[in-house]
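Here the structure comes first, spelled out in structure tokens, and everything after it is commentary.
Protein chains: 2
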Amino acid sequence: MNAVNEHEVLGALLDPESIAIVGASNNEKSIGGRPIKFLKDYGYQGKIYPINPRYDIVQGITCYRGIKELPGAVDLLIVAVRADLVLGALQEAQDKGIKSALVFSSGFGEIGGDGQEMQKQLVQLAADNNMPVCGPNCQGYINHWGNITASFTGALVRGNFKKGPAALIAQSGAVGGMLYAIAQETGIGMSYMIVGGNEAVVSTGDYLHYVLNDEKTRVVATYMEGLKDVSRLKECARLSMEKEKPIVAMKVGRSAAGSKAAASHTGSIAGEDKLVDAFFRQMGIIRVDNADEMFHCLKIFSNPKRMQGDRVGILSISGGAGVIMADACEKYGLQLAKLQDDTEEKLRSLLPPFGSPRNPVDITAQVLTEVDKFYDSARCVVDDPGTDAAVIFIGLLEHLKDQLIPAIKKLEESTSKPIIIIWMAGNDEIRKEFQATTIPFFEEPTQAIYALGQLNKFRRYTAAYKKAAARETPDTGKSAETAAMLDQLNIEGKILDEINSKKLLHAYNIPVTSDILAKNQAEAAAAAKQIGFPIVMKIVSPDIAHKSDVGGVILGINSEREVIQAFQQIMQNVKEQKPEAHIDGIMISEMLPPGIEMLVGLKHDDTFGPVIVVGMGGIYVEILKDASTRILPINRQDAYEMLEELKSYALLKGARGQKERHIEALVDVLLNVSKMGMALQDRIAELDINPLLVFEKGSGVKAADGLVTLR
Amino acid sequence: MNAVNEHEVLGALLDPESIAIVGASNNEKSIGGRPIKFLKDYGYQGKIYPINPRYDIVQGITCYRGIKELPGAVDLLIVAVRADLVLGALQEAQDKGIKSALVFSSGFGEIGGDGQEMQKQLVQLAADNNMPVCGPNCQGYINHWGNITASFTGALVRGNFKKGPAALIAQSGAVGGMLYAIAQETGIGMSYMIVGGNEAVVSTGDYLHYVLNDEKTRVVATYMEGLKDVSRLKECARLSMEKEKPIVAMKVGRSAAGSKAAASHTGSIAGEDKLVDAFFRQMGIIRVDNADEMFHCLKIFSNPKRMQGDRVGILSISGGAGVIMADACEKYGLQLAKLQDDTEEKLRSLLPPFGSPRNPVDITAQVLTEVDKFYDSARCVVDDPGTDAAVIFIGLLEHLKDQLIPAIKKLEESTSKPIIIIWMAGNDEIRKEFQATTIPFFEEPTQAIYALGQLNKFRRYTAAYKKAAARETPDTGKSAETAAMLDQLNIEGKILDEINSKKLLHAYNIPVTSDILAKNQAEAAAAAKQIGFPIVMKIVSPDIAHKSDVGGVILGINSEREVIQAFQQIMQNVKEQKPEAHIDGIMISEMLPPGIEMLVGLKHDDTFGPVIVVGMGGIYVEILKDASTRILPINRQDAYEMLEELKSYALLKGARGQKERHIEALVDVLLNVSKMGMALQDRIAELDINPLLVFEKGSGVKAADGLVTLR
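First to last, the sequence lines map onto chains A and B. In terms of numbering that gives the first Met the number 0, the first sequence opens at residue 0 and continues consecutively. In terms of numbering that gives the first Met the number 0, the second sequence opens at residue 0 and continues consecutively.
Okay, here's the thing in structure tokens:
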């Protein structure tokens with residue numbers, strides 16, 4: 000799909016002016032009958048052309064014997080026939096000049112074997128003719144603002160049809176239909192619902208991109224079982240940031256068991272979950288873990304108001320609920336606003352003595368007996384310059400709804416700050432009244448604060464995106480020079496030994512220790528003298544990854560005599576522990592002053608490409624799992640954020656009387672590793688700099704060891 | 000409250016055979032009118048005595064002019080009069096022989112000042128007469144099975160009244176009423192709802208204890224803003240374990256902001272939240288964070304069925320939902336059951352080819368067209384010996400409800416394993432049909448798995464409790480000897496120096512290094528010879544807590560000459576960095592072989608008493624926060640669990656080629672510290688053993704430093 004003509008090409012599929020249905024049926028409950036019934040019921044304004052050789056009229060509309068017999072080209076052909084008839088229908092559609100197709104039929108990739116073969120042919124046919132095809136094995140879509148119900152989903156039988164700013168794109172038909180049904184019942188107004196099934200031609204990324212460009216759409220939720228096209232998703236994410244329309248993603252298969260189940264369900268590979276997390280965070284995509292979280296997000300993002308900061312003012316009729324919300328603010332990264340003194344003063348004059356004018360403001364149920372006081376108190380919180388959003392908590396009190404709801408609506412209209420309503424244990428009438436507005440309405444306090452937390456998170460994402468876009472773009476250029484260098488190295492097997500690994504690091508301006516490879520004791524003694532005592536001696540072998548584990552490292556050698564002893568000792572240790580290893584020699588290196596040991600690594604991931612990791616070095620990275628990960632490339636801001644995420648960051652900043660470390664130099668290493676990872680992404684499977692010693696501020700860093708594994 | 004006569008004393012309050020209401024009103028909406036209306040509406044079978052000097056009849060019932068005028072003693076007096084009239088009424092009730100009272104009236108402790116004073120008098124009056132009083136400033140309670148609505152909560156106006164096995168006890172009136180209303184609307188059948196307000200006399204712990212002993216009650220949910228009576232809660236927790244009736248606690252004030260808000264709301268101190276977590280976990284109390292989680296728990300625990308293990312079988316009409324549930328199982332500590340081969344074989348014969356017989360079993364929507372196949376597939380999962388519970392996921396398909404619901408009920412009745420139903424986007428009829436059963440019914444898959452996770456957690460809690468009860472009880476004996484020793488020590492200020500701290504540790508069989516205190520260089524040299532090189536030298540001063548930070552420690556001293564140099568160096572460092580410190584001398588200690596540095600500590604907490612902490616030693620405990628905490632006393636099993644919780648436990652077990660450490664010896668230290676903490680709980684404010692060196696297996700542990708702070 001070329002993004003330039005997306006509007007034209009996908010427009011024919013998703014906003015067609017005419018629709019033909021092959022396999023059209025008079026049975027309003029059948030797959031070939033439902034779309035016609037729905038299109039009529041929901042007021043589709045375009046032309047409908049049923050196709051079925053057995054009828055002249057279907058559901059009251061003139062029916063055609065075949066695709067060829069249609070009076071002219073149409074925008075969209077819905078295909079509701081047996082799998083083995085699909086390819087023929089598509090070919091005829093192509094011959095007729097039909098612009099797009101939607102294939103409900105099952106029996107393709109999802110059943111493997113012959114089905115897979117047919118799907119390949121379908122893809123080829125679509126590619127040859129640049130025809131967008133939704134499906135096969137899909138439930139189709141609903142374009143609400145166009146009243147286009149090109150779907151047979153049971154959710155449409157239920158009769159809800161609320162138009163609005165939220166789009167939903169789902170890979171799985173069953174889950175998609177259920178999410179859609181709940182969204183509609185929760186009062187979430189929608190622009191699009193698309194269930195693309197096998198996504199053989201048009202993918203989730205394509206749909207996302209299209210609806211992000213749709214003017215009626217303000218937020219897109221997506222349900223994904225696999226990440227099929229990462230680069231397309233990146234384009235969508237950029238569009239999301241630029242248009243400030245959030246993507247809310249429910250990507251399942253987090254756990255090992257879930258990932259296995261996903262693979263057996265759709266055949267898609269889940270991808271390592273922490274990388275999925277990293278990817279979403281870097282892209283500014285909001286990840287949700289379940290349907291509830293998705294709906295909380297859709298509710299709050301459907302409202303056009305956005306926060307300008309992270310400070311929340313809370314007004315509650317219950318002190319206890321105030322406590323619950325204060326807890327939730329901390330959990331979801333929000334600040335309790337500090338109200339100005341005169342705001343508190345004014346509140347004090349409005350509230351009974353057992354209320355509290357401090358945020359969370361406890362107005363008590365008593366104040367509700369005078370609606371003016373309720374309104375004035377809420378006004379105080381909303382108008383205070385210290386608040387970026389206001390949360391109003393009401394409980395029970397359904398008998399006051401006719402006074403309270405108009406007051407809340409008036410408040411909402413009079414401010415640009417988001418106003419969130421929580422009415423706990425209200426009733427159905429209250430629910431319906433709020434669902435008819437764009438005011439985010441919740442019935443449990445922590446849900447509301449969760450949603451507000453996501454609104455704030457999206458603010459941070461877009462701000463970071465704009466800052467990064469304005470300042471610098473990551474260096475992603477290919478480096479022919481180092482690629483050529485790799486070819487020239489004398490590489491046996493897939494592992495670069497330490498000497499060669501360090502050469503590569505050096506080529507990317509990553510500081511490495513001075514080393515000389517010695518083949519025998521005499522060379523070792525000479526090398527030690529050249530480098531200067533104290534020195535370190537380490538075995539060099541392509542077969543030994545963890546040198547310490549086999550007694551292949553001796554530190555703090557101070558004299559020629561010790562060099563000779565150490566040489567013998569290391570050779571003996573290795574011979575005992577790894578008798579089969581090929582030995583290149585022993586490396587003589589400068590002994591470094593003490594520094595904080597960090598690990599910096601690269602890894603090639605099949606889904607995301609090159610990935611960078613930084614964490615505490617030594618055995619701690621494995622045991623304490625204090626590491627942070629990003630998909631490459633990264634920029635300077637990303638690098639700092641990676642470090643700030645580490646618990647061990649406090650060590651770098653200088654904990655308990657220790658001096659601050661040279662963090663800037665560590666950041667430079669991360670950026671250079673990013674550059675190297677991008678340039679050599681086709682060659683490097685893994686890079687492990689461990690330890691990278693970080694010295695005191697001003698004294699830089701140095702890689703004491705490095706190991707590159709090639710792909 | 001004495002537990003022995005609890006049934007009699009609290010029974011008069013919570014299960015009265017006759018109720019008088021002072022402040023009785025004909026206004027059915029007033030606080031004095033509502034309880035009478037509710038008692039009549041909800042079918043209370045006992046006698047009702049309205050009291051009001053102004054009426055002869057109230058709401059159709061004979062009214063009395065005053066308490067004195069009552070025809071005889073009653074079980075319960077409800078007090079709905081102005082605050083300043085309450086004490087008089089209670090005194091009259093006492094004179095009349097009325098057994099208990101319930102005070103709705105506000106204006107006591109919650110407003111401070113005079114109110115606080117009146118509350119004190121109320122407490123005194125109740126204590127003098129052993130009269131249980133609910134409130135003041137409370138909403139009262141509902142005893143569902145007794146049809147006793149001794150409350151004015153607005154939730155009763157709504158008209159739901161479903162009897163069942165769940166009790167709810169809430170401190171805050173507003174939140175309590177809302178939780179109750181939602182519970183009833185969610186179809187949770189209830190035994191008791193109690194909102195005790197200021198809890199001046201009868202506390203949450205007392206109510207908990209009473210309802211745990213109630214035969215109709217199977218689970219108790221409690222909403223708490225502060226922990227008022229920890230020892231009473233401990234008794235409740237033991238009762239919960241013994242009766243296998245879970246306590247589900249929503250304790251708010253987790254965050255700093257929330258805790259502050261709670262303190263200003265109820266005046267109760269929240270307690271350090273991680274200690275609250277530790278306390279609940281040790282006591283087998285299930286902590287929930289919000290109202291949703293509370294209801295999920297109540298739903299699942301209301302069903303009498305319990306899991307025998309942690310293995311879940313899942314049957315889903317949607318592969319995608321199967322993935323979501325598999326993810327949730329991992330998140331909530333459940334295993335996906337491995338089905339037996341013949342189960343899978345049988346499922347394969349029942350399912351269409353695009354279904355999956357592997358757990359999570361994907362039966363697809365197609366199988367539902369034949370309800371027998373649905374039933375048979377579910378049977379396979381339920382009957383498989385590898386499953387401890389079965390989860391059935393259905394979506395939409397409301398048109399199949401008349402076939403599916405009877406099949407599910409039949410299945411439920413035919414097994415002792417818990418069956419959980421998730422019907423996503425069903426409809427109100429489906430909801431109501433399931434709410435009328437005890438089958439746990441959910442509408443979102445992760446909620447259901449969360450609830451099942453809590454069921455499994457409670458199984459683990461009760462199993463651990465029984466195991467511990469059967470095996471050993473923690474040593475909690477007072478030790479007069481060491482207490483006397485403390486008195487004899489030459490203590491200046493509140494800090495015991497290292498020498499005295501180690502004496503105390505030694506008295507509790509905690510291995511410490513050999514140390515000699517030297518006042519001058521000559522004594523130091525002699526001590527070093529006596530202990531044997533290499534040695535360590537450390538400053539001893541009650542004013543210096545962190546010796547390394549002031550240059551007060553020198554390691555690895557190998558000769559008499561170095562001893563003299565080190566003595567001078569340390570004295571100079573300390574003089575420069577802490578000129579005002581009182582110096583006792585320098586301690587000469589044995590230099591220990593390398594070991595893993597752990598920290599073991601004690602702390603006195605105002606809410607929970609003595610608390611023990613273990614974690615990695617050195618600066619890591621502060622930075623990496625890898626520590627685990629328990630309220631004392633602990634037993635051997637607790638000690639092992641504390642270590643297993645640590646990320647650094649892998650280090651103790653021997654990571655990356657390192658040898659395993661002497662874990663048993665470390666556990667002994669924890670138990671001895673627990674013993675010491677209990678025995679000296681009135682004396683010790685804090686103990687810090689850091690580092691405790693843990694040597695290789697068989698070589699024990701040794702405390703290299705210790706610091707005791709007295710209370």
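Think of the CB as a built atom: it goes at the ideal place given N, C-alpha and C, for glycine as much as any other residue.
Closest Cα partner of residue i within the set the options
| i | options | result |
| --- | --- | --- |
| B/V80 | B/T61, B/N136, B/K98 and B/G96 | B/N136 |
| A/K46 | A/P52, A/L75 and A/K67 | A/L75 |
| A/P405 | A/F433, A/Y191 and A/P15 | A/F433 |
| B/G32 | B/T414, B/Y48 and B/S17 | B/Y48 |
| B/P131 | B/F107, B/Q93 and B/V210 | B/Q93 |
| A/F532 | A/I515, A/G555, A/P510 and A/V549 | A/G555 |
| B/T708 | B/P541, B/A180 and B/G332 | B/P541 |
Residue i to residue j span [Cα, whole Å]
| i | j | result |
| --- | --- | --- |
| B/E722 | B/S627 | With chain B covering 0 to 710 only, the question about residue 722 of chain B has no answer from this structure. |
| B/G96 | B/V73 | 8 angstroms |
| A/G523 | A/V562 | The question names Gly, but residue 523 of chain A is Ala in the sequence shown. Computed Cα separation, rounded: 7 angstroms. |
| B/L9 | B/G616 | 50 angstroms |
| A/D704 | A/D496 | 10 angstroms |
| B/S105 | A/A364 | 13 angstroms |
| B/K162 | A/D387 | 44 angstroms |
| A/S267 | A/A169 | Confidence at A/S267 is low in this model, with a pLDDT of 49, below 50, so the placement of that residue should be treated as unreliable; the coordinate-derived value is given next. Taking the straight line from one Cα to the other gives about 14 angstroms. |
| B/D40 | A/L367 | 28 angstroms |
| B/T437 | B/N302 | 5 angstroms |
| B/M586 | A/P690 | 36 angstroms |
| A/G257 | B/L403 | 27 angstroms |
| A/M0 | B/E329 | Confidence at A/M0 is low in this model, with a pLDDT of 47, below 50, so its placement is unreliable and the value that follows should be read with caution. Whole-angstrom Cα-Cα distance: 38 angstroms. |
| A/G158 | B/H6 | 55 angstroms |
| B/A517 | B/L504 | 21 angstroms |
| A/A269 | A/P70 | Low confidence applies to A/A269: its pLDDT is 46, below 50, so where it sits in the model is not reliable, and the reading given next is rough at best. Their backbone Cα atoms lie some 46 angstroms apart in a straight line. |
| B/A2 | B/R237 | Residue confidence for B/A2 is low, a pLDDT of 49 falling below 50, so the modelled location carries little weight and cannot support an answer. |
| A/K215 | A/S190 | 7 angstroms |
| A/K400 | A/F300 | 25 angstroms |
| B/Y464 | B/S698 | 32 angstroms |
Exposed unless 16 or more other CB atoms sit within 10 angstroms - verdict on residue i
| i | result |
| --- | --- |
| B/N519 | exposed |
| B/R710 | exposed |
| A/L84 | exposed |
| A/P352 | exposed |
| B/I56 | exposed |
| B/A483 | exposed |
| A/G145 | buried |
| A/P245 | buried |
Presumed contact (8 angstroms Cβ cut-off) between residue i and residue j, rounded CB distance
| i | j | result |
| --- | --- | --- |
| A/V247 | A/A220 | 4 angstroms |
| A/A260 | B/V360 | About 10 angstroms; that fails the 8 angstroms criterion. |
| B/G394 | B/S317 | 6 angstroms |
**Prompt:** Can you find at least 3 beta carbon pairs, one from the region 198-211 of chain B and one from the region 338-352 of chain A, that sit closer than 8 angstroms?
**Reply:** no
**Item:** Cβ contact check for the region 291-305 of chain B and the region 436-451 of chain B: 3 or more pairs under 8 angstroms
**Value:** yes
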